[in-house]
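K.L.:
This structure is in C-alpha cells; I'll ask about it shortly.
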Amino acid sequence: MKNKLVTALAAVLAAGLAAWGGYVFCTQVNLAELYALIPVYLILVFLGAFFEQLVHEGAHFLVGAICKMGVKAPKLRLFKSSCVEVNPKGAKAMRLRFALTAAAGLFFDLLLIALGVIAFAVPSVHPLFGIALPYAFYSFVINAAPFEYSGGKTDGLVICEILSKDASSKVLLAVLRVQGLVNGGLPLKDVEEGMLIDLPQLPEDDINFIILTQLRYEYYLAKGDDSTAYKYFLRYQDVIRYLPEGYKDGKK
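To convert, count from 1 in the sequence shown and add 18; that's the numbering used here.
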C-alpha cells in the first residue's frame, strides 16, 4: 500500500514539475505560437523520459563495469523500478562494489534533477536542458523508496539492506562472492563449502534465498554429491514460484 501511495505522490509532483517546465518553455521559446509550443513541449518531455532511463541504467552499467560487477546491458523500463543483472569477477570489496553499482542510477537522477531545476529557474539557461526533470524526479522517488515491487527490489531497498547488513544482504553478498571467485577462474567445486552453508536463514520467498538454493544445487552437482544436489534441486523447484517478474523475464 505504501509503495502505491509513494508512486502516486511522485507522479503528481512530477506532473507539477512538468507544468512548471511547460510554462517556462512556452514563455521563453519563440519558435511558434503557444498552441504549437505545447505539443512540442509534451513530445520533448516524453523523449526526456527515455533519455532519463538511458542515463539511469547507463550509470548502473558504467559504474558496474568500472567495479568489475559484470553488468549486462539493461533494458529501459518506463514507470518501473530499475533492474540490472550482475555477474561479478573477483570477491574482494564486494559490498562496496555492489553498493556503488546500485547507487549509480540514483546519483545520476539527482544530477538530472539539479540540471532541470537550474534550466527552469535560471532565465539565462535554455529550458531545453530541463526536459528530463519531471521523469528524473519520478524515477528517483520510485527507485530510492525502500520497497519491493512485482519486478523486484528497488535500488533504495537494496542499498538499505547492504548498509544495514541485514540477513538477506549477507546471503546476497555471499552468492556474489562465490560467483566472483568462479568468474575469476576457481572451479565451483573448489569453493569453500562454508561460503554457501554458514549463512543466515531466510524466508523461502526471499529472492536471495531462492538464488542461494539454486547455487547450492549447482555446487553439490559440481562436487559429484548427487543426493545433496537433488535435495536442493527439489527445494529450488518448490520456491521458484516466488521469483519476481523481473527475474522470471531474465532481467536480473
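In this text, a Cβ means the ideal position worked out from N, Cα and C, and glycines have one as well.
With 16 other CB atoms within 10 Å as the buried threshold, where does residue 216 fall?
P.N.:
Under this definition residue 216 is an exposed residue.
K.L.:
Please state if the CB of residue 73 and the CB of residue 82 are separated by a distance shorter than 7 Å.
P.N.:
Not closer than 7 Å, so no.
K.L.:
Whole angstroms are fine: how far does the CA of residue 230 sit from the CA of residue 164?
P.N.:
C-alpha separation (whole angstroms): 22 Å.
K.L.:
Look at the Cβ atom of residue 46, then the Cβ atom of residue 145, and state whether they are nearer than 7 Å.
P.N.:
Against a cut-off of 7 Å, the Cβ pair of residue 145 and residue 46 comes out as a contact.
K.L.:
In chain order, what are the residue ranges of uninterrupted alpha helix (DSSP H) at least 4 long that sit wholly in the segment 211-265?
P.N.:
DSSP runs (the alpha helix (DSSP H)) wholly in the segment 211-265: 212-215, 225-241 and 244-257.
K.L.:
Can you grab the Cα-Cα spacing for the pair residue 190 / residue 176, in whole Å?
P.N.:
Those two C-alpha atoms are separated by around 10 Å.
K.L.:
Touching or not, the segment 220-234 and the segment 246-257, by the rule of three or more beta carbon pairs under 8 Å?
P.N.:
Counting Cβ pairs under 8 Å, three or more are found: they touch.
K.L.:
Taking 6 Å as the cut-off, is the C-beta of residue 148 nearer than that to any heavy atom in the ligand SAM?
P.N.:
Inclusion of the ligand SAM in the displayed structure is not the case, the ligand content being empty and no account of it being possible.
K.L.:
Which whole-angstrom value describes the C-beta separation of residue 24 and residue 160, a residue pair presumed to lie in contact below a C-beta threshold of 8 Å?
P.N.:
So it is a contact: roughly 7 Å between Cβ atoms.
K.L.:
Is the distance from the Cβ of residue 157 to the Cβ of residue 103 below 7 Å?
P.N.:
No, Cβ-Cβ distance for residue 157 and residue 103 is not below 7 Å.
K.L.:
For residue 79, which option in 44, 213 and 115 has the closest C-alpha, if you only look at C-alpha atoms?
P.N.:
Minimum Cα distance to residue 79 is reached at 115.
K.L.:
Counting along the chain, where does the alpha helix (DSSP H) carrying residue 161 start and finish?
P.N.:
From DSSP, the alpha helix (DSSP H) with residue 161 extends over 151-162.
K.L.:
For a minimum of 4 consecutive residues, which ranges assigned as the alpha helix (DSSP H) are wholly contained in the segment 102-155?
P.N.:
Correct list: 112-139.
K.L.:
Considering Cα atoms alone, identify which of 166, 129, 192 and 35 is closest to residue 113.
P.N.:
Checked all of 166, 129, 192 and 35; the closest Cα to residue 113 is 192.
K.L.:
Of the residues 22, 32 and 20, which one's Cα is nearest the Cα of residue 155?
P.N.:
Comparing Cα positions, the closest option is 32.
K.L.:
On the criterion of 16 or more Cβ atoms from any shown chain inside 10 Å, does residue 20 qualify as buried, or is it exposed?
P.N.:
By the neighbour-count rule (16 or more Cβ atoms within 10 Å), residue 20 is not buried but exposed.
K.L.:
Give, in chain order, every unbroken run of the alpha helix (DSSP H) that is at least 4 residues long and sits entirely within the segment 164-199.
P.N.:
Runs of the alpha helix (DSSP H) inside the segment 164-199: 173-182.
K.L.:
Under 8 Å by Cβ, that's how I've got residue 137 and residue 148 pegged, so tell me the actual separation to the nearest angstrom.
P.N.:
Indeed, because the Cβ distance is near 3 Å, the residues count as touching under 8 Å.
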